[in-house]
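Take a look at the structure below.
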Amino acid sequence: MQRADASQGLTTLSDDEALFRDSVYEFADREIRPHVRDMDEQARIPRQLIDRLFELGVMGIEVPEAQGGAGAEFFHAVLAVEAISRVDPSVGVLVDVQNTLVINALLRWGTDDIKGRYLPRLAARTVGAYALSEAGSGSDAFALATRAVESGDGYVLNGRKLWTTNAVEAEIFIVFATVNPEAGYRGITAFVVERGVPGFAVGRKEDKLGIRASSTCELLFEECRVPRANVLGEVGKGYKVAIETLNEGRIGIGAQMIGLAQGALDHAVHYTKERTQFGRAVAGFQGVQFQLARAATDLEAARLLVYNAARLRDAGQPFLKEAAMCKLFSSEMAERVTSLAVNLYGGYGFVRDYPVEKLYRDAKIGQIYEGTSNLQLQTIAKQILG
Ligand SMILES: Cc1cc2nc3c(=O)[nH]c(=O)nc-3n(C[C@H](O)[C@H](O)[C@H](O)COP(=O)(O)OP(=O)(O)OC[C@H]3O[C@@H](n4cnc5c(N)ncnc54)[C@H](O)[C@@H]3O)c2cc1C
1 MQRADASQGL
11 TTLSDDEALF
21 RDSVYEFADR
31 EIRPHVRDMD
41 EQARIPRQLI
51 DRLFELGVMG
61 IEVPEAQGGA
71 GAEFFHAVLA
81 VEAISRVDPS
91 VGVLVDVQNT
101 LVINALLRWG
111 TDDIKGRYLP
121 RLAARTVGAY
131 ALSEAGSGSD
141 AFALATRAVE
151 SGDGYVLNGR
161 KLWTTNAVEA
171 EIFIVFATVN
181 PEAGYRGITA
191 FVVERGVPGF
201 AVGRKEDKLG
211 IRASSTCELL
221 FEECRVPRAN
231 VLGEVGKGYK
241 VAIETLNEGR
251 IGIGAQMIGL
261 AQGALDHAVH
271 YTKERTQFGR
281 AVAGFQGVQF
291 QLARAATDLE
301 AARLLVYNAA
311 RLRDAGQPFL
321 KEAAMCKLFS
331 SEMAERVTSL
341 AVNLYGGYGF
351 VRDYPVEKLY
361 RDAKIGQIYE
371 GTSNLQLQTI
381 AKQILG
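Residue numbers (the working numbering): 1 to 386.
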């Protein structure tokens, strides 16, 4: 894959990368945008749209070509999530979880058998989900209580997961449970669980402030038998699976946030050029121009952080601090930029007939999932304090 010359700047894309991002954005603009409001109101993503995402090739970006995927890099997943989130951050997070958490975890930790069974399906038609959080364990994720007890040639799972993104659409779930609660994080083990197996049910769907079309549900396990062959990574090493995938996943959330903020800024620029007050376009007032200029600068800084973290990851360089910084900064930036967009629409910014109130609602999740802002600060502080 041809890389952009670093001397051109971090946000300069190679021809391949630019072509890819533009083609995903054109798709989103053409095929997602007309449905954004309905999807938000109905709190669902139609299956036909998900099928189109598979056809486009953005549901298996890092899956090797031999297994039906695009065989591309993590950076391409970031570009796809950014381009889609510019139009709809709910569809953006569906693509994000599929690539940066589920496929990423399987590629890194899956046996050849697991990869052979699941990667071709994930690249072709099957949505995945990633279930770590529980009612009592969010930031302190490794305090999870879902239990896995060895039995015969496998494990029996009992417990409940909360907040599982993609749960309505998914057929493959990465589920974290403990084989030994006394061992603390060293008991945590990751399993691949298929929808439809006895003892596993998708429960209540949350009614949310933002990213409403993205499904978020409870998962219920009651005497759910999982074969030993579906242990992902080693028994007792699930904490490593979780830490390593989430470190990368949060770069994807950074991408969702820069895409979302770009979408809000696009709307604000367009609207302020059209809207006239005091006999001239609102964008003609220097006070408004300066606000837009500051938002564009804020967004560019966030994009630099996100692209830098993603490129470090693909280059095999350390990126823990950079990933935490990119998520922290881009999610706070997205709240600022979408809030400005609402302000610049005036009263029209406050009603559902115009697109910016939704993006303002959608932005809030960036500071919560895949580690709250406080947890990102904790990671950054640990890195700088040694
Ligand atoms: C829409 C949505 C989708 C989600 N999708 C998924 C998913 O697909 N898979 C999954 O596993 N999880 C998912 N989550 C869960 C998400 O990752 C958690 O909500 C998040 O990690 C925070 O956990 P919590 O809600 O339990 O908050 P808590 O951990 O209870 O935090 C409450 C507050 O305390 C603060 N806090 C906690 N500990 C500390 C500390 N040590 N220092 C300073 N402040 C602290 C937090 O920053 C926060 O402000 C999702 C959540 C939502 C809302």
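All C-beta atoms, glycine included, are put in the ideal place defined by N, C-alpha and C.
Of the candidates V91, V24, F54 and R52, the residue whose Cα lies closest to the Cα of D38 is V91. Taking the Cβ of S133 as the reference point, at least one heavy atom of ligand 1 falls within a distance shorter than 7 angstroms. Rounded to whole angstroms, the gap between the alpha carbons of N166 and E73 is 23 angstroms.
Here N104 is buried. Its C-beta has 16 or more other C-beta atoms within 10 Å. Here the C-alpha atom of R225 lies approximately 30 angstroms from the C-alpha atom of E62. Ligand 1 has a heavy atom closer than 7 angstroms to the beta-carbon of G371. Taking the Cβ atoms as the reference, V87 lies roughly 4 angstroms from A28, within the contact range of under 8 angstroms. Look at the segment 40 to 92 and you find these whole runs of alpha helix (DSSP H), each 4 residues long or longer: 47 to 56 and 74 to 85. In the three-state reduction of the DSSP assignment, L304 falls in the helix class, which pools H, G and I.
The beta carbon of R336 sits closer than 8 angstroms to those of A295 and D298, all from its chain and outside the five residues before and after it, given in chain order.
Within 7 angstroms of the C-beta of A129 there is at least one heavy atom belonging to ligand 1. Set against 7 angstroms, the gap from the CB of S139 to the closest heavy atom of ligand 1 is smaller.
Taking G316 as reference, the option from R117, F75 and Y239 with the minimal CA-CA separation is F75. When rounded, the separation of the alpha-carbon atoms in I45 and N99 is 17 angstroms. Listed in chain order, the beta strand (DSSP E) runs fully inside the segment 260 to 313 amount to none, counting runs of at least 3 residues. Distances taken from the Cβ of T379 to the heavy atoms of ligand 1 include none shorter than 7 angstroms.
Within 7 angstroms of the C-beta of N374 there is at least one heavy atom belonging to ligand 1. The C-beta distance from A129 to Q67 rounds to 20 angstroms, too long to meet the 8 angstroms contact threshold. Within the model, the alpha-carbon separation for R47 versus A268 is close to 31 angstroms. Annotation: A213 to D362 spans about 10 angstroms, alpha carbon to alpha carbon.
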